[in-house]
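According to our numbering, the sequence shown holds residues 2 to 113 in order. Glycine residues also receive a C-beta, built at the ideal position from the N, C-alpha and C atoms. Structure first, commentary second.
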Amino acid sequence: MFAFTNSENKQSPTVIGAGCQLNGDIKTDHTVQVHGSITGKIQADIVIIGKGGSVNGKVTANVVFLHGDMVGPIECEMANIFHHATMTGNLYYSRLNITNNDRLECKLIHRG
């Protein structure tokens with residue numbers, strides 16, 4: 002098993018692995034990677050929802066990378082939405098990058 006801790010900054014990502022199902026909330030100052038499924042709220046500096054990962058709840062982060070499925074609102078400074086991502090809900094963002102995606106059914110709300 003590899004440890005992903007940055008010993009200098011005492012930072013390690015929270016990883017929800019493929020096949021893992023979590024019902025509950027996550028709050029951290031660091032990164033959350035979702036490759037399984039979460040029902041609940043995520044509050045983090047960076048949230049990565051991987052291809053095959055899903056979140057049903059609310060995500061609040063500085064930066065979001067969405068490759069998987071999201072149901073619920075996202076509030077972030079920078080949103081990166083990739084080809085295979087799906088999302089329903091409201092996306093509140095300051096900066097937005099959508100890469101070749103035709104599956105979004107969300108409302109985009111710019112926060113100036």
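Looking at residue j and residue i, is the spacing between their C-beta atoms short of 8 Å?
i     : j      : result
Ile17 : His31  : no
Ala80 : Arg104 : no
Gly41 : Gly51  : no
Val72 : Gly90  : yes
Leu97 : Ile110 : no
Ile99 : Ile75  : no
Gln12 : Lys28  : no
Report the three-state DSSP secondary structure of residue i (helix, strand or coil).
i     : result
Phe83 : coil
Thr29 : coil
Leu97 : strand
Thr15 : strand
Taking the beta strand (DSSP E) that residue i belongs to, which residues open and close that run?
i      : result
Lys108 : Leu105 to His111
Asp46  : Ile43 to Ile50
Gln22  : Gln22 to Asn24
Ala62  : Val60 to Leu67
Just grab the DSSP bridge partners of residue i for me.
i     : result
Gly90 : Cys107
Ser38 : Gln22 and Ser55
Glu76 : Thr61 and Tyr93
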